[in-house]
Amino acid sequence: MYGLTEKEFYQIITVLNAYSKDIEWVKIFESRSRDDYKKTSDIDLAISFKEDRLLEIKSDFYNTQLPYMVDIIDYNKNTNKNLESLIDKEGQIIFLTDNKGSIVTNESKLKYKLSNFEKVLSKLDDSLKKDPNLDDLYLDGTIQRFEFVFELSWKLMKGYLEYNGIEVNSPRESFRQAFKNSILDNATDWIKMMEDRNRTSHTYNLDTAWEIYGKIKSDYIYLFKKFYELIKSKII
Numbered sequence: 001m002y003g004l005t006e007k008e009f010y011q012i013i014t015v016l017n018a019y020s021k022d023i024e025w026v027k028i029f030e031s032r033s034r035d036d037y038k039k040t041s042d043i044d045l046a047i048s049f050k051e052d053r054l055l056e057i058k059s060d061f062y063n064t065q066l067p068y069m070v071d072i073i074d075y076n077k078n079t080n081k082n083l084e085s086l087i088d089k090e091g092q093i094i095f096l097t098d099n100k101g102s103i104v105t106n107e108s109k110l111k112y113k114l115s116n117f118e119k120v121l122s123k124l125d126d127s128l129k130k131d132p133n134l135d136d137l138y139l140d141g142t143i144q145r146f147e148f149v150f151e152l153s154w155k156l157m158k159g160y161l162e163y164n165g166i167e168v169n170s171p172r173e174s175f176r177q178a179f180k181n182s183i184l185d186n187a188t189d190w191i192k193m194m195e196d197r198n199r200t201s202h203t204y205n206l207d208t209a210w211e212i213y214g215k216i217k218s219d220y221i222y223l224f225k226k227f228y229e230l231i232k233s234k235i236i
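In UniProt numbering, the protein residues as written are 1 to 236.
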């Protein structure tokens with residue numbers, strides 16, 4: 001995304017998160033928003049502040065491990081009309097807050113969550129191709145990946161719903177609202193999956209692990225894949 005790795009994009013968001021009460025929005029612009037960037041292109045950010053924290057944010061970016069120069073302008077204090085027009089026309093929001101300073105999900109963040117979900121789902125799929133009878137580590141690793149995919153899936157649902165003005169606060173509520181909004185074909189199966197996911201985290205029992213592994217292979221992997229296709233069609 002924008003010619004940045006997930007780790008690099010996350011570093012940007014981490015810095016901005018610390019100033020969520022002071023920021024209205026952040027847009028990335030110039031070459032990285034147009035997709036005509038070079039490998040070494042600067043990261044150009046325009047920030048609309050509620051309270052001016054420009055110097056502190058510049059300092060924080062300077063101290064990150066990002067290999068790129070990060071150029072930041074205060075959108076509200078900018079007097080260059082051509083630059084303002086450029087930001088308005090091609091700038092893409094990567095960070096957004098509401099009037100209380102709470103972070104709001106935006107399209108860029110949704111695409112980032114979708115990309116993460118796609119990658120961990122692929123790893124779970126790879127795990128299921130191995131024979132867990134050959135090594136207990138395959139069984140344990142598959143269960144752990146299942147837990148991770150489950151967490152990312154419901155948080156992706158939550159993010160999408162909030163982006164569309166629907167507030168949810170739990171996996172169960174997310175599944176029901178996702179079903180209502182045609183992101184899931186069946187909320188009941190996801191609630192059952194949630195209950196199995198909770199069983200894996202409360203205590204470890206080998207028989208339970210094998211039982212849940214069987215469900216992951218026969219049912220849950222297909223629920224994840226179906227959800228991925230549906231949510232991808234709505235986000236991309």
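Where is the CB? At the ideal position from N, CA and C, for every residue including glycine.
When the alpha-carbon of Gly214 is set against those of His202, Asp140, Leu16, the nearest one is in Asp140. Annotation for Val26: the continuous beta strand (DSSP E) segment containing it runs 23-29. Every beta strand (DSSP E) of 3 residues or more that sits fully in the region 83-133 is shown, in chain order, as 92-96. Sorting Tyr204, Asp207, Ile191 by C-alpha distance to the C-alpha of Phe224 places Ile191 at the top. Within the same chain, Cβ atoms closer than 8 angstroms to the Cβ of Leu128 are found at Thr142, Ile216, Lys217, Ile221, the five residues on either side in sequence being excluded. Using a Cβ distance threshold of 8 angstroms, Phe29 and Asp44 count as a contacting pair. Val149 sits in a helix when the DSSP states are folded into three classes. If you check the CB distance, Val149 and Lys158 do not come in under 8 angstroms. The residue among Glu229, Leu16, Asp42, Ser102 with its C-alpha nearest the C-alpha of Arg32 is Asp42. For Asp74, the enclosing beta strand (DSSP E) starts and ends at 70-74.
Its chain contains Phe117, Glu118, Leu121 as the residues whose beta carbon lies nearer than 7 angstroms to that of Tyr228, once the 5 sequence neighbours on both sides are disregarded; these appear in chain order. For Asp44, the enclosing beta strand (DSSP E) starts and ends at 43-49.
Excluding sequence positions up to five before and after Lys58, its CB lies within less than 7 angstroms of the CB of Ile72, all in the same chain and listed in chain order. Burial is judged here by how many other beta carbons sit within 10 angstroms of a residue's own beta carbon; Arg34 has fewer than 16 and is exposed. Remark: C-beta atoms of Tyr75 and Ile94 do not approach each other more closely than 8 angstroms. In the DSSP annotation of this structure, the continuous segment of the alpha helix (DSSP H) that includes Ala187 starts and ends at 187-202. Taking a contact as a CB-CB distance under 8 angstroms, the pair Arg199 and Thr208 counts as one, their CB atoms being some 6 angstroms apart.
Exposure of Ile236 is indicated by the presence of fewer than 16 other C-beta atoms within 10 angstroms of its C-beta. It is roughly 37 angstroms from the alpha-carbon of Lys234 to the alpha-carbon of Glu56. The three-state secondary structure of Ile12, taken from DSSP, is helix.
The three-state reading of DSSP puts Ile231 in helix, counting H, G and I together. A residue is called buried when at least 16 other Cβ atoms come within 10 angstroms of its Cβ; Tyr10 does not meet this threshold and is exposed. As the crow flies, the alpha-carbon of Lys38 is around 10 angstroms from that of Tyr2. Counting of Cβ neighbours within 10 angstroms places Met193 among the buried residues, the total reaching 16 or more.
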